[in-house]
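K.L.:
Counting from 0, one number per residue, gives the positions in the sequence shown under numbering that gives the first Met the number 0. Quick reminder that beta carbons are idealized off the backbone N, C-alpha and C, glycines included. As the structure is a prediction and not an experimental result, all values here were calculated from the model.
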Amino acid sequence: MTDQTQTAPSIVGVRFSKVGKIYHFDARKIEALRLGDVVVVETSRGWQLGEVVVVVADPVAPPDGTWKTLDRLATPKDLMQRQNWQSKEGDVVEVARKRLKELRLQGVKIIFSEYSYDGSKLTIFFSSDSEDKVDLKSMRSDMQRVYGPAQVELRQIGPRDVAKVLGGMGACGLETRCCSKFITEFSSISIRMAKEQGISLTPTEITGMCGRLRCCLIYEYENYVEARKLLPKKNKRVITPDGTGKVIDVSPIREMVLVELPEIGRKEYHKDVLKPADEMEALETKAQAGCGGGNGGGGGCGGQCQRR
Numbered sequence: 000m001t002d003q004t005q006t007a008p009s010i011v012g013v014r015f016s017k018v019g020k021i022y023h024f025d026a027r028k029i030e031a032l033r034l035g036d037v038v039v040v041e042t043s044r045g046w047q048l049g050e051v052v053v054v055v056a057d058p059v060a061p062p063d064g065t066w067k068t069l070d071r072l073a074t075p076k077d078l079m080q081r082q083n084w085q086s087k088e089g090d091v092v093e094v095a096r097k098r099l100k101e102l103r104l105q106g107v108k109i110i111f112s113e114y115s116y117d118g119s120k121l122t123i124f125f126s127s128d129s130e131d132k133v134d135l136k137s138m139r140s141d142m143q144r145v146y147g148p149a150q151v152e153l154r155q156i157g158p159r160d161v162a163k164v165l166g167g168m169g170a171c172g173l174e175t176r177c178c179s180k181f182i183t184e185f186s187s188i189s190i191r192m193a194k195e196q197g198i199s200l201t202p203t204e205i206t207g208m209c210g211r212l213r214c215c216l217i218y219e220y221e222n223y224v225e226a227r228k229l230l231p232k233k234n235k236r237v238i239t240p241d242g243t244g245k246v247i248d249v250s251p252i253r254e255m256v257l258v259e260l261p262e263i264g265r266k267e268y269h270k271d272v273l274k275p276a277d278e279m280e281a282l283e284t285k286a287q288a289g290c291g292g293g294n295g296g297g298g299g300c301g302g303q304c305q306r307r
């Protein structure tokens, strides 16, 4: 689907925030839907306004086999309602932080709040220094009394989500953090990804502003894994144009290998000029040994000696 009008696309992707995750919905209820249209959708966080950003060509059915349906196109009144409730979200955060201080809850921080576009539901997001789930039932009850009749929910989010919401400069110096700029869904990151790419394991080099491993460690990880398959492993013996040496290190993307040679020390070579020493020596030994079976062809030559 392009930006041109299409007739009743089947499944579309809707985004509820600028760099938010894309959710799939059945769009057959709305005719002449276009990319960029703002639609009204019922979600777990109440009625929300979202933007249609993609038409899904080959959608994978959800676990229950059915997609939620887009309700309708948003009207100018809907957009005005959303703007009105959004203007109140900052005050909600201030009130929640004040109440949190009164309750003396240590290690808990109020990050932001979000109203559904019609004000029927209010979600207050918080983080905790503890990895365990925090129970704020009394806090929720207090907020419900203040902001009823809206249904109030307190939702805990992790450090990466906090960094995404708050934005700001990345640990690498990038003006806007990757998570705030274009990452819509967080991937699992491991220390192995840093090791595979030869990145220093110093905490300041591999952790982001969230205190977790940087999301960018996954960007080129697969390229490094594939490139390493074509290179000799460390400590393997290889034959170079200057003699036989031992592999000290490799540079996968450059396809270069650092070799230690007895006579000249360390020198870098392209992978294409290297040969595996152990395999070459094994072949040479086999060739020197010959058939070993005489003219009877009982050796390892495959009967070649019989045809000479």
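1. Taking a contact to mean a Cβ-Cβ separation below 9 Å, would you say I10 touches V54 in this structure?
2. For the putative contact between W66 and H23, defined by C-beta atoms under 8 Å, what is the C-beta separation to the nearest angstrom?
3. Suppose you measure from the CA of L282 to the CA of E195; what does that come to, to the nearest Å?
4. Alpha carbon to alpha carbon, how far is R306 from T284?
5. Take N222 as the anchor and find which of G118, Q150, A193 has the nearest alpha-carbon.
6. Could you name the residues of the same chain whose beta carbon sits closer than 6 Å to that of G169, not counting the 5 residues immediately before and after it, in chain order?
7. In its own chain, which residues sit with a C-beta less than 7 Å from the C-beta of S119, not counting the 5 before and 5 after it?
8. Can you name the residues that DSSP bridges to Q196?
9. In the DSSP assignment, the beta strand (DSSP E) including S127 goes from what residue to what residue?
10. Helix or strand or just coil, what does DSSP make of R139?
11. Taking F111 as the reference, give the member of Q80, I238, L72, D90 with the closest Cα.
12. Have a look at V224 and Q287 and give me their C-alpha separation to the nearest angstrom.
13. So the candidates are E93, K270, G172; which of them puts its Cα closest to the Cα of L230?
14. Can you list, in chain order, the stretches of the alpha helix (DSSP H) that have 4 or more residues and sit fully within the segment 132-181?
15. Are E259 and K245 touching if we call contact CB-CB under 9 Å?
16. Using only the alpha-carbon positions, how far apart do D134 and S86 sit?
P.N.:
The structure says:
1. By 1-based counting over the sequence shown, the position of residue 10 is 11. By 1-based counting over the sequence shown, the position of residue 54 is 55. Their beta carbons are under 9 Å apart, which means I10 touches V54 by this criterion.
2. Numbered from 1 along the sequence shown, position 67 holds the residue referred to as residue 66. Numbered from 1 along the sequence shown, position 24 holds the residue referred to as residue 23. Sure, about 6 Å apart at Cβ, within 8 Å.
3. As a first step, residue 282 must be located in the sequence shown, where it is residue number 283. As a first step, residue 195 must be located in the sequence shown, where it is residue number 196. Distance from the CA atom of L282 to the CA atom of E195, rounded to whole angstroms, is 32 Å.
4. The residue labelled residue 306 in the question sits at position 307 within the sequence shown. The residue labelled residue 284 in the question sits at position 285 within the sequence shown. The predicted model places R306 with a pLDDT of 49, which falls under 50 and marks its position as unreliable, so this point remains unresolved.
5. Start at 1 with the first residue of the sequence shown, and residue 222 comes out as number 223. Relative to N222, the option among G118, Q150, A193 whose CA is nearest is A193.
6. Walking along the sequence shown from the start, residue 169 turns up at place 170. So the list reads R176, once near-sequence residues are dropped.
7. Position 120 of the sequence shown, counted from the first residue, corresponds to residue 119. Cβ within range, chain order: G45, W46, A149, Q150.
8. Your numbering for residue 196 matches position 197 in the sequence shown. In the DSSP assignment, Q196 is bridged to no other residue.
9. One-based indexing of the sequence shown puts residue 127 at position 128. Note, S127: beta strand (DSSP E), 120-127.
10. As a first step, residue 139 is located in the sequence shown; it is residue number 140 there, counting from the start. R139: helix per DSSP, three-state reduction.
11. The residue given as residue 111 occupies position 112 in the sequence shown. Considering only alpha carbons, the answer is D90.
12. Here residue 224 refers to the residue found at position 225 when the sequence shown is read from its first residue. Here residue 287 refers to the residue found at position 288 when the sequence shown is read from its first residue. The alpha-carbon atoms of V224 and Q287 are separated by roughly 38 Å.
13. Your numbering for residue 230 matches position 231 in the sequence shown. The candidate whose alpha carbon is nearest that of L230 is K270.
14. Within the segment 132-181, the alpha helix (DSSP H) runs of at least 4 residues that lie entirely inside it are, in chain order, 136-146, 158-165, 177-180.
15. As a first step, residue 259 is located in the sequence shown; it is residue number 260 there, counting from the start. As a first step, residue 245 is located in the sequence shown; it is residue number 246 there, counting from the start. Their beta carbons are under 9 Å apart, which means E259 touches K245 by this criterion.
16. Here residue 134 refers to the residue found at position 135 of the sequence shown. Here residue 86 refers to the residue found at position 87 of the sequence shown. Whole-angstrom Cα-Cα distance: 28 Å.
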